[in-house]
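*Asks:*
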Amino acid sequence: MDKERLPRDLTTEEFYKNYLGAAGQEGDDDPNPADSVDAPQDSEEDEQIKTQKALEEVQAIEYEKELSLCEKLGGDLDNIRSKKLDYNQLVEVRKGLESGVDVSRYMNSSMPWMLMEELRLEMEQNIDMTKFRKDGYDLSQIYEIRQGLYNGINAAEYIKKDYLGPQMRQIRLGLEAGLPIVFYKDPLYDAEQMQEIRLGLVDNIDISSYAKFTIPAMKMREARECMKSGLNLTTEEIKNNSAGVLRAMKHAHTSQIDISEYVRQGYDEDQLEQIIAAREEHLDDFDKYLNVEIRGENLREIRIGLKEGLDVSLYADHEFNWHQMREIRKGLENRIDVSVYAKPLYQPRQMHEIRKGLEAGIDVSKYSSMINSAMDMKTIRLRLQKGEDAGVANSISLRLEDDIERRDGHIAEETSPSSSKYKAFDGTEKEKRHFLQMTPDGLKAYLTLPRLKSGRLYTLDFVLELLAKANITFGIKKDVIKDMITNEKYEEKKLIAEGYGPTFGKDGYYEFFFDRKIPTDIEYTQDGSANFDNVRYFATVNVGDKLAVYHPAIHGSDGKTIKNITLPGKNGRDLPIIKGRGFMIMPDHKTFCATVSGAVRFTDGEMIISPLKVVESTRKPLNVDFVGTVWVKGEVPSRSVIRAKGDVIIDGYAEGTTIEADGDIVFRSGCNGLEDMAKISAGGNIYARYLQNLNITTHKSIFCNGIVNCKADVRGSVMVFGEEGSIIGGDVATQMGVSAARIGSESDIRTIVRVGVTSELLYNFNEDKKAIDRTKAELETLYKEQKRIVTANVNSREQLQWKIKINMAVSTKEKELMSYEEKMTMMTEQMNKVRGASITARSIIYAGVLLIIDGKQLEINTTREEKGGIIYKK
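In this text, residue positions in the sequence shown follow the working numbering: the first is 29, and each later residue adds one.
In structure tokens:
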């Protein structure tokens, strides 16, 4: 494999380990777990440091791009560098240079980027906001005033310090839309309340029932949504019910379910949602468990159990909290004996440890006592699962010399290979011998009786006494011992005690009556190209078809050693009940039958039957919008539109077709979007013979034999099969990696391939960071107002209402900030995941190709062909 220092290169072996592990098989387990166990693991702190370093590297690349743009726009690069601006500040400088304003007025590293943005916009819009700054308006207020003045509205309506910035925004938006702001411009409304009234006016609904100071914004929002759905509410109904209950009422209305009686009885939002879900799932038995005193979480566990065909009577008891109910339900799902721990006095964590032990097939009686804490239970369970307390001695060899010497006065002089010397009572040195031996597993004992020189005889009681001293009490063969004594069988090793070992059960299993290997394996031609013609992407079933039968586990039995120690047998493990939709569990709790006809797929323990729409070949454009999977048996004419909640499979050629699918999209004969660049969007993978002139978006990966002039945004990887598999023209962006035999073409067609942290991902990251900065600034303003109210003498009704609204606004903004921060965490994790993605040209890469890895660019100026291929990796 040729070495290319874009970043660094990999050997072929390293590439396939990286590419197929990290890019080609998203979410798969390590194919070599033995290696992964021994490999050193980075700590979470190390991973965070690496992620931060990688992010800084990408940001540095983007920073240099911004500097380059500034230079092209006529900026003094040395001066700009000397200011030591951060990335967002530099972006404001670049935007100012683009619009031709005097950036020296705000090019200062001590100035927040939001203030820089405001000053830039003021110069671009030729509006001087100095007066408002002197008057003490904050940045968010100034932004709204300026924007109103620029848009030519009567900003005087809200140029008052009584309004916070977010309130000004709602009034401005209303004025710009020509709405009667008189309904919500009173400062006593907080910004969120103003927004809900404004949106109600936009939706042309009757806002009079909820446009009240005393109704919180959350209730306003739910009331507005109710009325949008056609459910009209009175002011009293809005006031008397929580926002959650109003949301449930809307859900019930749109689902055509009557819950009015339950609302009247005082059921809360969580309870109502469970009632609605049970109605939607046609669970008739659910009603008998309804009680206004039973919490929604408890009802949820009962509903799920009924849906899965479980005996919920085992836990539908007011003495159990919902955590306990969940542990019992999960035990029933895994077909274990829940009666062992279905007792109210057990804490949920104790139940959890007992359940895990039963599922592992160990003897939980060794730790299930309620006096054991959950942590102690876990410690014992893990030890038992490792086999550390099996109750079997490793090797035992007992000596009976002392007892025999007391009987005869001396020991026989013969020695054995394991003999050792000892001193007798008279001081003489004699040899020790092993007369009683046990096998290492503790299941057998052998006795050798030495001949007594005094002529005395052994008795059965004497031998049994010796065995008892050795703790051998089970499986003693008295008839053998009697025979040894009676017939004077001395110096003969005889089996005189025998236990029995445990038996091991057989694990439970499902017998399926449809092909679970979906999709089936792709066939490949001699040159390595993929042939999708015979790949099956779903199996079809009809309502009433038997889908699966469960064969329960066979239990094992305990064993017993000769020391009367129980050796626990290992029961076969039962499998969890299959989850999913579109089927029903029969009363025998073993048979699963389809309740709808359609396409069935079994993935990650879930069996899902989705409706199937079969479309025959037609010359007329298709317009399909379907809740399940769409299968087109022929070609798809131009100007067709197909939308599906499941997969879309097209057997023939597709041309100029817009396709949106929540699942996979399959083009057995390829797809050409023509000059309009038809849009293809998939929630899953895309499989195709070839893809041409398309605007592609997929949440997973692309597998095909060629990509020509496509704009592709791929969250997974791109794999182009075959010796001639090419990416020609277009812009292919993927987060996890690209592999193709050929990249580019002889005619130097501009071809862009991006992998890793793409510009879009980084843009979203920076936008989220800006949103965090803005939210923090708004919070700072609210905190100041909150502090002012606390120190002020607040006693009037209006002041108290204002205090309540400010506190609610703070709470809302804090939640908003938390949401942005969670989103940033997710994006950071995604950046860490895609770190190390590579681009592989297995045969040739042509001049005119632009490679971008984690933001770093490499222009291919000379065509290169390598027999072993070239891998580009940062």
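Ideal Cβ placement from N, Cα and C applies to all residues, glycine included.
Given the structure is predicted, the values throughout are model-derived calculations rather than measurements.
How big is the Cα-Cα spacing for I424 and T467?
*Replies:* Taking the first residue of the sequence shown as position 1, residue 424 is located at position 396. Taking the first residue of the sequence shown as position 1, residue 467 is located at position 439. A caution first: I424 carries a pLDDT of 35, below 50, which makes its placement in the model too unreliable to give a value.
*Asks:* On the three-pair Cβ rule with 8 Å, is the segment 106-115 touching the segment 807-818?
*Replies:* The segment 106-115 is not in contact with the segment 807-818.
*Asks:* Would you kindly report the start and end of the unbroken alpha helix (DSSP H) that includes Y178?
*Replies:* Numbered from 1 along the sequence shown, position 150 holds the residue referred to as residue 178. Where Y178 is concerned, the enclosing alpha helix (DSSP H) stretches over L167 to N179.
*Asks:* So who's on the other strand from F540, going by DSSP bridges?
*Replies:* Working through the sequence shown from its first residue, we reach residue 540 at position 512. DSSP lists A576 as partners of F540.
*Asks:* Anyone know if the C-beta pair for I606 and K534 falls short of 8 Å?
*Replies:* Taking the first residue of the sequence shown as position 1, residue 606 is located at position 578. Taking the first residue of the sequence shown as position 1, residue 534 is located at position 506. Not in contact: I606 and K534 (Cβ atoms no closer than 8 Å).
*Asks:* Rounding to the nearest angstrom, what Cα-Cα distance links E264 and G337 in this structure?
*Replies:* For the purposes of this step, residue 264 is identified with residue 236 of the sequence shown, where counting begins at 1. For the purposes of this step, residue 337 is identified with residue 309 of the sequence shown, where counting begins at 1. If you take the alpha carbons of E264 and G337, they lie about 41 Å apart.
*Asks:* Skipping 5 residues on each side, what residues in its chain have a beta carbon closer than 6 Å to that of Y91?
*Replies:* If you number the sequence shown from 1, residue 91 lands on position 63. For Y91, where only same-chain residues beyond five positions count, the Cβ hits under 6 Å are Y115.
*Asks:* Per DSSP, which one or two residues make a beta bridge with V760?
*Replies:* Taking the first residue of the sequence shown as position 1, residue 760 is located at position 732. DSSP output for V760 lists A740 and V781 as bridge partner(s).
*Asks:* Closer than 8 Å by C-beta to Q195: which residues in its own chain qualify, once you throw out the five before and the five after it? Chain order, please.
*Replies:* Residue numbering aside, residue 195 sits at position 167 when the sequence shown is read from its first letter. Once the five neighbours on either side are set aside, the close Cβ partners of Q195 are Y186, P215, Y217, D218, A219 and M222.
*Asks:* If I measure Cβ to Cβ from M157 and keep anything under 6 Å in the same chain, skipping five residues before and after, which residues do I get?
*Replies:* For the purposes of this step, residue 157 is taken as the residue at position 129 of the sequence shown. Excluding positions up to five away in sequence, the list reads E150, I170 and R174.
*Asks:* Which two residues bound the contiguous beta strand (DSSP E) that contains E688?
*Replies:* Working through the sequence shown from its first residue, we reach residue 688 at position 660. Looking at the DSSP string, the run of the beta strand (DSSP E) that includes E688 is T686 to A689.
*Asks:* Measure how close the beta-carbons of G765 and A865 come, nearest whole angstrom, since I'm counting them as under 8 Å.
*Replies:* Counted from its first residue, the sequence shown places residue 765 at position 737. Counted from its first residue, the sequence shown places residue 865 at position 837. Rounded, the Cβ-Cβ distance is 4 Å, consistent with contact.
*Asks:* In chain order, what residues of the same chain have a beta carbon less than 6 Å from the beta carbon of A418, not counting five sequence neighbours either side?
*Replies:* Residue numbering aside, residue 418 sits at position 390 when the sequence shown is read from its first letter. In this predicted model, A418 has a pLDDT of only 35, less than 50, meaning its place in the structure is not dependable; the value taken from the coordinates is given anyway. For A418, where only same-chain residues beyond five positions count, there are no Cβ hits under 6 Å.
*Asks:* Under the assumption that M705 contacts N792 (Cβ atoms under 8 Å), give the Cβ distance between them as a whole number of angstroms.
*Replies:* Counting from one through the sequence shown, the residue named residue 705 turns up at place 677. Counting from one through the sequence shown, the residue named residue 792 turns up at place 764. That pair is no contact at about 23 Å.
*Asks:* Helix, strand or coil, according to DSSP, for Y900 in the structure here?
*Replies:* Here the question's residue 900 lines up with position 872 in the sequence shown. Note: Y900 maps to strand in three-state DSSP.
*Asks:* What does the alpha-carbon distance come out to for the pair T890 and A710?
*Replies:* In the sequence shown, counting from the first residue as 1, residue 890 sits at position 862. In the sequence shown, counting from the first residue as 1, residue 710 sits at position 682. Their backbone Cα atoms lie some 36 Å apart in a straight line.
*Asks:* Are L300 and V340 close, meaning C-beta to C-beta below 8 Å?
*Replies:* Within the sequence shown, the letter at position 272 stands for residue 300. Within the sequence shown, the letter at position 312 stands for residue 340. Contact flag unset, no.
*Asks:* Does I8 come out as helix, strand or coil in the three-state DSSP assignment?
*Replies:* Residue 8 cannot be examined here, being either before or after the span of the chain that is shown, 29 to 902.
*Asks:* Please determine if the segment 837-857 and the segment 770-787 are in contact, where contact requires at least 3 C-beta pairs separated by less than 8 Å.
*Replies:* Flag = no, the segment 837-857 and the segment 770-787 do not touch.
*Asks:* Expressed to the nearest angstrom, what Euclidean distance is found between the alpha-carbon atoms of E429 and T476?
*Replies:* For the purposes of this step, residue 429 is identified with residue 401 of the sequence shown, where counting begins at 1. For the purposes of this step, residue 476 is identified with residue 448 of the sequence shown, where counting begins at 1. Confidence is the limiting factor: at E429 the pLDDT is only 47, short of 50, which leaves the residue's position unreliable and the question unanswerable from this model.
*Asks:* Taking 6 Å as the limit between beta carbons, can you name the residues of its chain near K598, skipping five residues before and five after?
*Replies:* As a position in the sequence shown, residue 598 is number 570, starting the count at 1. Excluding residues within five positions, the ones whose Cβ falls inside 6 Å are G389, F532 and G584.
*Asks:* For the ligand SAH, is there a heavy atom less than 7 Å away from the beta-carbon of G389?
*Replies:* Ligands displayed in this structure: none; no statement on the ligand SAH is therefore possible.
*Asks:* Hey, out of L167, R354 and N362, whose CA is closest to R377's CA?
*Replies:* If you number the sequence shown from 1, residue 377 lands on position 349. Measuring from the Cα of R377, the nearest candidate turns out to be R354.
*Asks:* Shortest alpha-carbon distance to V563 belongs to which of V569, Y552 and S871?
*Replies:* Residue 563 sits at position 535 when you count from the first residue of the sequence shown. Of V569, Y552 and S871, the residue nearest in Cα terms is Y552.
*Asks:* Is G610 helix, strand or coil when you go by DSSP?
*Replies:* Position 582 of the sequence shown, counting from 1, holds the residue named residue 610. If DSSP states are grouped into helix, strand and coil, G610 belongs with coil.
*Asks:* What does W659 pair with, by DSSP beta-bridge criteria?
*Replies:* Here residue 659 refers to the residue found at position 631 of the sequence shown. Bridge partners of W659: V642 and I677.
*Asks:* DSSP three-state label for K534, please.
*Replies:* Walking along the sequence shown from the start, residue 534 turns up at place 506. In the structure shown, K534 sits in a strand (DSSP, three-state: E or B).
*Asks:* Ignore the nearest five residues each way along the sequence and tell me which others in G744's own chain have a CB closer than 6 Å to its CB.
*Replies:* Numbered from its first residue, the sequence shown carries residue 744 at position 716. So the list reads E54, K728, S729 and M764, once near-sequence residues are dropped.
*Asks:* Can you tell me whether DSSP reads A496 as helix, strand or coil?
*Replies:* As a working note, residue 496 is residue 468 in the sequence shown. Helix at A496.
*Asks:* Using a 10 Å radius around the Cβ and a threshold of 16 neighbouring Cβ atoms, would you call K159 buried or exposed?
*Replies:* As a working note, residue 159 is residue 131 in the sequence shown. K159 comes out exposed.
*Asks:* Can you grab the Cα-Cα spacing for the pair K831 / I670, in whole Å?
*Replies:* Counted from its first residue, the sequence shown places residue 831 at position 803. Counted from its first residue, the sequence shown places residue 670 at position 642. The straight-line gap from Cα to Cα measures roughly 53 Å.
*Asks:* For the segment 631-644 against the segment 567-581, are there 3 or more C-beta pairs whose distance is under 8 Å?
*Replies:* Yes: at least three Cβ pairs fall under 8 Å.
*Asks:* Within the continuous beta strand (DSSP E) that includes S871, where are the two ends?
*Replies:* By 1-based counting over the sequence shown, the position of residue 871 is 843. Residues S866 to I873.
*Asks:* Please state the DSSP three-state secondary structure of S138.
*Replies:* If you number the sequence shown from 1, residue 138 lands on position 110. Residue state, collapsed to three classes: coil.
*Asks:* Distance, Cα to Cα, Q153 vs Q198?
*Replies:* The residue given as residue 153 occupies position 125 in the sequence shown. The residue given as residue 198 occupies position 170 in the sequence shown. Cα to Cα, Q153 sits roughly 21 Å from Q198.
*Asks:* Which of the three DSSP states, helix, strand or coil, is assigned to F749?
*Replies:* Residue 749 sits at position 721 when you count from the first residue of the sequence shown. F749 falls in the coil class under three-state DSSP.
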